[in-house]
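Numbering (our numbering), first residue to last: 3 to 373.
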């Protein structure tokens, strides 16, 4: 019996799978979009103008108005320069910022205006660089150590990094933390996509991924509400990060992906997971030897130069090799064989595989909402 057949026998879209889908999307999608798009509010540019020279302040014995129209007598001051003895000079006395409507932001915190305004976009670019770096390594880690372990570990690390970012004392430190936050983002983003795919049969996956993107959109829509009530950038960053610290408490609620368990030969654990899901779905589970969906019962070998789409699909790091029947039960015993020599270079083995990899990379980079 293949795993998809086992899922269909216990209900391929029952309460068990839907509960797991809602929980992992609530953790890995809704708050994840907050950190990606938070720069819109963390780096919002408030109304500001250039402080005049101190001598001029003493001569006039006046103060700035609250409406940001310059002096109370109507004198106007520009945002990036001021007049001194009929000459234009830069704002060496700093800026005055309005607290409406954004409150305090990283712009007013570190004077990221005028010739330093591009640093706000730079901080977001650093975050995306981290996303790119994380996407390279976390797929391998999730394959090696399990979806659940990497998913919850990345969520917890993201919470720590987010709280650390809220305590930044310099813009340089802020940017460095943003880099690692981008890396951690892919730890739960990539494993989330794998988990959603592996918990559902091909028939139900379109619905599952549609729900996944609903949660992503929900995070984007709730971020402005959060920012509306929290006008201080440090407090906003903490509010977005603290929930990540509590997500690992659900580690013992969400089981490991049975597809991953089967791929590494842990068939008994896969049976236990399926038995729990069957109970949640109100179905009976009959324990039968499971086999990989990708290979069924035919032994497959990794081909060095795949020529067809079927060859590309078969070019994987694991395959199932049927052995002789178990004399005690009569059921076929499934043996999972691993190819320890597999590496990232296999993605570029042969012309066709190289083209497929390049196209997938380009699609991910161009259509990823994070970029």
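A virtual CB, placed ideally from N, CA and C, is assigned to each residue, including glycine. These numbers were taken from a predicted model, which means no experiment stands behind them.
Is it true that the CB of residue j sits closer than 9 Å to the CB of residue i?
| i | j | result |
| --- | --- | --- |
| residue 242 | residue 189 | no |
| residue 140 | residue 192 | yes |
| residue 201 | residue 31 | no |
| residue 150 | residue 256 | yes |
| residue 136 | residue 184 | yes |
| residue 99 | residue 233 | no |
| residue 15 | residue 129 | no |
| residue 26 | residue 194 | yes |
| residue 111 | residue 235 | yes |
| residue 246 | residue 161 | yes |
| residue 9 | residue 238 | no |
| residue 132 | residue 173 | no |
| residue 29 | residue 157 | yes |
| residue 177 | residue 166 | no |
| residue 108 | residue 127 | no |
| residue 1 | residue 198 | One cannot answer for residue 1 here, as it falls past the ends of the chain, which runs 3 to 373. |
| residue 144 | residue 196 | yes |
| residue 122 | residue 13 | no |
| residue 17 | residue 282 | yes |
| residue 348 | residue 355 | yes |
Helix, strand or coil: which one does DSSP assign to residue i?
| i | result |
| --- | --- |
| residue 92 | strand |
| residue 299 | Interpretation of residue 299 is limited by its pLDDT of 38, a score under 50 that renders its predicted location unreliable; the figure taken from the coordinates is listed afterwards. Coil, per DSSP. |
| residue 52 | strand |
| residue 356 | helix |
| residue 224 | helix |
| residue 1 | Here the chain has residues from 3 to 373 only, and residue 1 is not among them. |
| residue 156 | helix |
| residue 204 | coil |
| residue 82 | coil |
| residue 114 | coil |
| residue 45 | coil |
| residue 248 | helix |
| residue 346 | helix |
| residue 10 | helix |
| residue 71 | Because the pLDDT of residue 71 is 46, which lies under 50, any placement of that residue in the model is unreliable, and the number read from its coordinates should be weighed accordingly. Residue 71 falls in the coil class under three-state DSSP. |
| residue 243 | helix |
| residue 150 | helix |
What residue does the alpha helix (DSSP H) around residue i start on, and which one ends it?
| i | result |
| --- | --- |
| residue 193 | 173–200 |
| residue 134 | 120–147 |
| residue 273 | 269–282 |
| residue 29 | 17–30 |
| residue 254 | Premise fails: residue 254 is in no alpha helix (DSSP H) and is neither H nor E. |
| residue 38 | 34–39 |
| residue 263 | 260–265 |
Looking at the secondary structure, which residues open and close the beta strand (DSSP E) in which residue i lies?
| i | result |
| --- | --- |
| residue 97 | 97–99 |
With DSSP as the reference, identify every bridge partner of residue i, one or two as the case may be.
| i | result |
| --- | --- |
| residue 106 | 234 |
Let me make sure I understand the geometry here. Which of the options has the alpha-carbon closest to that of residue i?
| i | options | result |
| --- | --- | --- |
| residue 113 | 239, 252 and 52 | 52 |
| residue 134 | 93, 152 and 186 | 186 |
| residue 218 | 265, 34 and 13 | 34 |
| residue 5 | 353, 346 and 203 | 203 |
| residue 11 | 46, 284 and 357 | 284 |
| residue 49 | 39, 94 and 116 | 116 |
| residue 101 | 47, 118, 154 and 263 | 47 |
| residue 248 | 169, 154 and 119 | 154 |
| residue 280 | 169, 205 and 260 | 260 |
| residue 375 | 278, 97 and 40 | This structure cannot settle anything about residue 375, because the visible part of the chain is limited to 3 through 373. |
| residue 120 | 159, 93, 106 and 41 | 41 |
| residue 39 | 359, 251, 229 and 118 | 229 |
Could one say the Cβ of residue i lies closer than 9 Å to chain B's Cβ atoms, at least one of them?
| i | result |
| --- | --- |
| residue 212 | Given the protein chain composition of this structure (a single chain), no chain B is represented. |
Tell me whether residue i counts as near the ligand SAH, meaning its Cβ is closer than 8 Å to at least one heavy atom of that ligand.
| i | result |
| --- | --- |
| residue 154 | Looking for the ligand SAH in the displayed structure turns up nothing, as the structure carries no ligands at all. |
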